[in-house]
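Residue numbers (our numbering): 6 to 381.
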Amino acid sequence: MMSRPNGQLFVPPELPPYLKNVYDLKPILDVPSDEEIVGIHAVIRVANQVVDVQDIGSPTLFAQLSEHLFDVQMAKYRSKYIGIFPEDAIFTPPTLPTHLTVHLTPVTGAPSEEEVIQVQSTIRSYQKYASSPPMFDPRLDMELSQHLFDIQMARYTQRARQSHIASMSYKFPSSNPAREVERAADVAEELHATTNNAGSGSNTVDSDRLARVLQDIGICDVIERSNRLAEQANQLAKRSNQLIERSSQIAERSNQLIQQSGQPAELSNRLFKKFNELFEQFNEHLEESNNLAEESTKPTERLGDVLENINRVLVKVQHAIVRNHMGNTKNALDCLVNERGEVPCVSDSVGGASIFLDHGFPVELMRDNGYGFSGT
């Protein structure tokens, strides 16, 4: 058996031509198929028939074939039960033909000695029909052999767990696991070379013998360590899932905080935009107010013009009255007012009218300042 990076590669021994004609064994990667195991059984049956024939049979080859069968059966067992606790495993036997009077029932956990003996007896009885093809099914023979292997491993596991760990450690210290594995391989080869004989009906292995040998090489420690490592791996995987979930929650919370931190800036932008709109409206109202104020001054200006015209008319009327009154003297000039409401005696422009007339001041000067004088 050679190890591969992605699993195990089970390499069969080199077969002579007469065995290749029975079934040409190929290397098996990881878990073997039922057809491959059926082929191994067929080759072992033929090899067992000629094992003692001189120049044809080979005890060494037969031992190598038995070891190869053990390896692939162990791989099959591990693929079905490695993740199940021994006490929870259910070993279901294959359906037997009607010409066998034996009835096998499923085995839960470790089998009893009677259950193992019953399976061994069934295999021996069925292999008697190997020479009669209509009554012998190679696949059923393979399934019975695998069922026996499975319950023997379950029985061994129970016995090994019940053994005294202290005495096992004393005989085979756990500080040298490589030696234990090497010895396990040697014992397995010896065990199958002497007991797993398919052609003669001895392909069943005594469960007590198997349990005792495997217990002595410390396989129990290896299985227990494997179970503990599997449990630790499950705990680490669970913890990893929790950490991943927690990390996702933190990331989600961080995204929420980032979104919330962007909301005040967005609100500030909206307020600033609203302020600009209000300021523009204020400017529009102010401009409109200025326009209204400008328009409101125009009637006032027109009113001033009207009042000025009225003032001129009133002054002219006054002057006309003074001039046309026959009893007026030159002193009546002091009663005249110009458009600014000034009388000649206080006017800065003409001075006192009577004084001016007494001294020969031109009448045109008074006329030019709005008094309308035309002489006495």
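Glycine included, each C-beta is placed from N, C-alpha and C at the ideal position.
Residue range of the unbroken alpha helix (DSSP H) whose run includes residue i
i    : result
G44  : 39-54
L149 : 143-167
D57  : Taken as a continuous stretch (DSSP letters only), D57 belongs to no alpha helix (DSSP H), as it is neither H nor E.
V124 : 118-132
H73  : 64-86
K25  : 22-25
beta-carbon residue i near the ligand ATP non-hydrogen atom, thresh 7 Å
i   : result
P22 : Summarising the ligand content, the structure contains no ligands, and the ligand ATP is consequently not present.
Residues bridged to residue i [DSSP beta-bridge criterion]
i    : result
T113 : I95
I315 : Its beta-bridge partners do not exist; DSSP assigns none.
L105 : Paired residues: none, contrary to the question.
I33  : F15
Nearest-angstrom Cβ-Cβ length linking residue i and residue j, presumed shorter than 8 Å
i    : j    : result
V27  : V51  : 5 Å
A68  : Q13  : That pair is no contact at about 20 Å.
V348 : Q323 : Not a contact, Cβ separation roughly 11 Å.
Q132 : D146 : 7 Å
L74  : I49  : 6 Å
P64  : V56  : 6 Å
V112 : T127 : That pair is no contact at about 13 Å.
L109 : Q123 : 7 Å
Candidates the options, of which the one nearest residue i by Cα
i    : options                : result
R345 : S273, L319, S136, Q167 : L319
T103 : K243, D142, S273, S259 : D142
H152 : A94, L297, E282, P22   : A94
F130 : V112, D29, R144, L101  : Note that residue 130 is Ser in the sequence shown, not Phe. Closest option to S130, Cα to Cα, is L101.
N232 : N295, L291, T162       : T162
T97  : K321, S150, N295       : S150
I45  : L24, Q54, I89, N246    : L24
A165 : L105, E148, P91        : P91
E72  : V16, R258, S245        : V16
E19  : F277, A238, L66        : L66
A47  : V77, P32, A135         : A135
E40  : P22, V77, L234         : V77
Inset, instruction - Would you be able to state if there are at least three C-beta pairs under 8 Å between the stretch 145-162 and the stretch 111-130? - result: Taking a cut-off of 8 Å on C-beta distances, the stretch 111-130 touches the stretch 145-162, as three or more cross pairs fall below it.
Inset, instruction - Answer yes if the stretch 30-45 comes into contact with the stretch 73-93, meaning at least three C-beta pairs across the two stretches below 8 Å, and no otherwise. - result: Result yes; three or more Cβ-Cβ pairs closer than 8 Å.
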